[in-house]
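When we follow numbering that gives the first Met the number 0, the leftmost residue of the sequence shown carries the number 0, and every step to the right adds one.
Here the structure comes first, spelled out in structure tokens, and everything after it is commentary.
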Amino acid sequence: MSDKPKIFISSTIFDFKDLRSSLKFYLESLGFQVFMSEFNDFKKKLDENSYNACLQTIRECDYFILLVGSRIGGYYNLADKISITQKEYETAYEKLKHKKLKILTFVRKEIWIIKEDRKMLEKVLKSDYKNKYEIEDEDIQKIKNFNSEIVNNAEFIFSFLNEVGKINEMKEAISGESEFPKGNWIHPFNDFSDIINVLKTEFLFKEDLGNVAMLENLRYECINNLKQFLLKNQNINLKRKHSLAKNARLQFHGNIKEESEIVGDDLASLGLFILIGCGLSENLSLEFLEQILYSGKFLDFDKDSGVFKQSLLTNALLNLKERISSLIILEEKLMNLEKRIKVSENYVKHIGENETISIKNFDLIVPMIFHDLHEDIVNLLGGVIKYIDGDISFLKNLKLNEKSPIKEYNKDLKSENPNDDDIDSYIKIQFYLEYLEAKDPLGFKELEKEILTQLENKK
């Protein structure tokens, strides 16, 4: 059994053959399960009439798309002049009345224009010509419903559109005799794109269901990961675990050879953070995060360069993956349970003390790195959840911590480590020159002269 949303497309087959196939392909590419009478891909009892099998399939669908053109198609009940398409619609509408299905109706624009023109013609004939020329109502109806090359059974088509538009029910509702009918919108269309635009709006077909599923899985994963970084107090309020280390982090100053003056009680809170806040990386998951990164579906396309680039979401996920990976390595190498207990005991004993205590920055740097990683991870997890929920502002304005808690080291790191632009420049010219120099020194010298000449000419 499929859990995909089910759609039934109803129309006469002959005059909508290509459009029906295109719609089926498009909707299935988005992850929907699409049923049409000419495809043998839905459940049916072999001893049951094929028409009834289609009607039962409609009852099991979530959406019903009706296409109205210029033809009647086959009859479901010839005696009562009920077409197959009409019966399919009536079956769908019964389900719509119980709020268990959505209907979207499309009519070719030229048919709609002819219908409206004929309606206006009927009014003119009745008001201006009926009495003057003694035209009978029957003759007016014949004129109104005459067949043409575009509409081969105008009376039936116009009557069916009135049924779908709930014209009689609308009149009764306007006069206060009943409630307004539901699901009676009719959308004229010229081509396939008109239908797609309406589908996107009415059925919220905004993106591939596979993408929707990936984002929902990512959201679930982020929420579960976020739980590891939060505490719940007696007031049922949530608190970040790294907030225990916040005051100590603010009092951390100087280089690695210096000391920081930390208030005793803040040092005790830092010890508590080390004990209960660290050692949680084994409970973190990156499965769906990596799935999205590997898929490439959430990259942005740069029209100017013609290439795909990191999007706001993928950039956040790369940063999140990097920081969680760093956290895992640090916990394995520098802060296992034995070390956490030992460090925590040295700090927690100062609980309640208001005097400052001198602590070597060398001893504090690892706890401070943990604080910064925790802060970044929590902000990224929350930002990704908000992004999925439709609020991109947090991720857009998020500023992450620098690599090292010691400020002067960050300047060295930036100056020593290449950035993306440096790598781009290196790959374009220097990378090949270095390769050529190693493999073909003579060829390298000739090429170097040529490049230098070109650069000089550009000046």
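We treat Cβ as the ideally placed atom computed from N, Cα and C, and that holds for glycine.
Which of helix, strand or coil DSSP assigns to residue i
i    : result
M0   : Residue confidence for M0 is low, a pLDDT of 43 falling below 50, so the modelled location carries little weight and cannot support an answer.
N416 : coil
T313 : helix
E37  : coil
Q32  : strand
L77  : coil
H349 : coil
D390 : coil
L397 : coil
S69  : coil
K16  : helix
E354 : coil
K438 : helix
K385 : helix
L100 : coil
F300 : strand
E59  : coil
P366 : helix
L279 : coil
Member of the options whose CA lies at the smallest distance from the CA of residue i
i    : options                : result
N318 : L292, S304, L329       : L292
F15  : F31, S242, D61, N189   : N189
V262 : N223, V347, L333       : V347
S192 : D421, L312, S325, S21  : S21
I327 : G382, G276, N416       : G276
L329 : K231, Q55, D303, D371  : D371
R248 : D17, D61, I405         : I405
L288 : I273, L380, E176, D61  : L380
I364 : I391, E344, L333       : L333
L399 : S343, I368, S424       : I368
L208 : Y74, F297, K3, E337    : K3
G253 : H373, I142, Y408       : Y408
K101 : K181, I255, A52, E171  : K181
R107 : K98, H97, L160         : L160
H97  : D61, E433, K122        : D61
N223 : L198, S280, A212       : S280
I362 : K341, K165, I376, E354 : Per the sequence shown, residue 362 should be read as Asp rather than Ile. Checking every option, the nearest Cα to that of D362 belongs to K341.
E374 : L225, K410, E354       : L225
Chain-order list of residues whose beta-carbon lies under 8 Å from that of residue i (same chain, five-residue window excluded)
i    : result
V163 : L65, V67, Y88, T104, N183, I185
F356 : Per the sequence shown, the amino acid found at residue 356 is Ile instead of Phe. Counting only Cβ-Cβ distances below 8 Å, and skipping sequence neighbours, we find E260, I261, V262, G263, L266, H349.
E445 : none
F145 : A153
Residue i to residue j span [Cα, whole Å]
i    : j    : result
M0   : E115 : Only weak support is given to the placement of M0: the predicted model assigns it a pLDDT of 43, under 50, and the question is left unresolved by the model.
G305 : G295 : 15 Å
L285 : I71  : 55 Å
Q429 : D421 : 11 Å
N335 : G278 : 7 Å
R322 : N210 : 25 Å
K94  : T200 : 22 Å
H241 : D423 : 37 Å
L274 : K338 : 9 Å
Y425 : N246 : 43 Å
A486 : F179 : In this structure the chain extends from 0 to 458, so residue 486 is not present and cannot be described.
L120 : D79  : 28 Å
N51  : I195 : 29 Å
Q250 : R239 : 19 Å
K402 : A437 : 35 Å
E37  : L54  : 13 Å
K320 : L237 : 24 Å
E352 : F272 : 17 Å
N152 : L26  : 31 Å
T313 : L217 : 12 Å
E331 : L316 : 22 Å
K448 : K395 : 45 Å
Nearest-angstrom beta carbon gap, residue j and residue i [assumed within contact, 8 Å]
i    : j    : result
Q233 : L283 : Contact flag wrong, Cβ pair sits at about 27 Å.
I156 : S69  : 7 Å
P366 : A267 : Wrong, their Cβ atoms sit about 13 Å apart, outside the cutoff.
S28  : T84  : The Cβ separation is near 25 Å, so there is no contact.
S343 : G270 : 4 Å
K5   : F24  : Not confirmed; about 16 Å, so no contact.
L214 : I387 : 5 Å
S177 : E168 : 7 Å
Other residues of its chain near residue i: CB distance less than 6 Å, five sequence neighbours each side excluded
i    : result
D299 : K308, S310
F393 : G382, K385
C221 : L380, V383, I384
W111 : P187
Y74  : S82
L230 : K238, K240
Nonlocal neighbours in the same chain, by C-beta distance under 7 Å from residue i, ignoring five residues either side
i    : result
K359 : E258
I57  : F7, F63, E87, T90, A91
N378 : L397
G30  : K3, D207, L208, G209
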